[in-house]
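Participant:
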Amino acid sequence: MSKQTAVITGAGSGFGLETARLAAQRGMNLVLVDVQADALDKAASEFKDVEVLARVVDVAKADQMEALAAAVQERFGAPHFVFNNAGVGSGGLIWENSLADWEWVMGVNVMGVVHGVRLFTPMMLAAAKADPDYSGHIVNTASMAGMLNPPNMGVYNVSKHAVVSLSETLFQDLSLVTDQVHASVLCPFFVPTGINQSHRNRPSELAAAKPTKSQLISQAQTDKAVSSGKLTAADVAAMVFDAIDYNKFYIFSHPQALAGVQTRLEDVMQLRNPTDAFADRPEIGAGLRAKLRAD
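Whatever position you read off the sequence shown (first residue = 1), add 88 for the numbering used here.
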């Protein structure tokens, strides 16, 4: 894959950094994008044997993403791989999320992917039209929260469901116009990537209010779940490249979690109310309810 180019958002840590490492092993040019300058600089310094374009970008900002796309086009031409990976997390009862919470999470998790798709897909399609040997692939990072609706993390769920829907539509739309550009959606479960500490990069203009009880509980639960993850970000990045190699759309880090997806779809098909998210672990549900209902 020498002379091919990979654009990776959220490249300073987690899935993004591990994706960059695997792309470098395949000899690709790297476009590394992150909002955290020190993490990005450290990541970029790793790669000595491939060309690297590193840019500090807030993926939620249209003008910054447009400038990035122009820089990629000028330096490398159309990319062959685009990993719309940047993401942030926030939880709590859905009515307790502030407008700033919604704007921050939806801006990064949804609009970051939107910008990546709307800016790089036309470049890739143009390259495919000009070169019958060109092949491209777009991978959008969602979450198992985009396939399920775990309670007390509504704003994150909404954002990741949007990414799944966007990606499924992208897959279908691409199939109408080309056989050379493809799409996948990554739905990881709890993997230690640092997303549970994403508030470190929250912009000052969208600063969080004092956290509510439900938000503090959600943060504690997420910290525990993420830190206990058995799979690493490197493991998941390898799964992503395997999926690209075999042109697979859905990428699940924890296939066992699909049982919950099946239950959700059965709820829909049978017109029944959503199944208790803690039906298999009632002690966890009871504990959460007790904490939230306590004065």
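Note that CB positions come from ideal geometry on N, CA and C, so glycine has one too.
(1) Quick one: any contact between the segment 171-182 and the segment 229-237, if contact means 3 or more CB pairs under 8 Å?
(2) Give the range of the alpha helix (DSSP H) segment to which L254 is assigned.
(3) Taking the alpha helix (DSSP H) that I287 belongs to, which residues open and close that run?
(4) Tell me, please, whether the CB atom of L376 is closer than 9 Å to any CB atom in chain D?
(5) Please identify the residue among S292, A108 and Y334 whose C-alpha is closest to the C-alpha of A142.
(6) Please identify the residue among A150, A271, V269 and Q309 whose C-alpha is closest to the C-alpha of L380.
(7) With distances taken between CB atoms, is the gap from G100 to K130 smaller than 9 Å?
(8) Count the other CB atoms within 10 Å of the CB of M357; is the residue buried (16 or more) or exposed (fewer)?
(9) How many angstroms separate the CA atom of C275 from the CA atom of L254?
(10) Going by CA-CA distance only, name the one from K217, L294, N245 and E293 that's closest to L262.
(11) Quick check on D122: buried or exposed, where buried means 16 or more other Cβ atoms within 10 Å of its Cβ?
(12) Looking at the strands, I want to know which residues DSSP matches up with R369.
(13) Give the DSSP bridge partners of Y338, in chain order.
(14) If you draw a straight line from the C-alpha of F277 to the C-alpha of H342, how long is it?
(15) Taking 9 Å as the cut-off, decide whether the C-beta atoms of A112 and D151 are in contact.
(16) Which residue from D333, R288, D364 and S302 puts its Cα closest to that of A378?
Facilitator: On the basis of the coordinates in this document:
(1) Segments in contact, yes.
(2) Unbroken alpha helix (DSSP H) run through L254: G242 to V265.
(3) Note that residue 287 is His in the sequence shown here, rather than Ile. First-last for H287: undefined, no H or E at that position.
(4) No chain D is present in this structure, which holds just one protein chain.
(5) Of the candidates S292, A108 and Y334, the one whose C-alpha sits nearest the C-alpha of A142 is A108.
(6) Per the Cα distances, Q309.
(7) Yes. Within cutoff.
(8) Label assigned to M357: exposed.
(9) Going from the Cα of C275 to the Cα of L254 covers about 13 Å.
(10) Measuring C-alpha to C-alpha distances from L262 to each of K217, L294, N245 and E293 identifies K217 as the nearest.
(11) Residue environment analysis places D122 among the buried positions, since at least 16 neighbouring C-beta atoms fall within 10 angstroms of its C-beta.
(12) None, per the DSSP bridge assignment.
(13) DSSP lists V273 as partners of Y338.
(14) Their backbone Cα atoms lie some 6 Å apart in a straight line.
(15) Not closer than 9 Å, so no.
(16) For A378, the nearest C-alpha among the options comes from S302.
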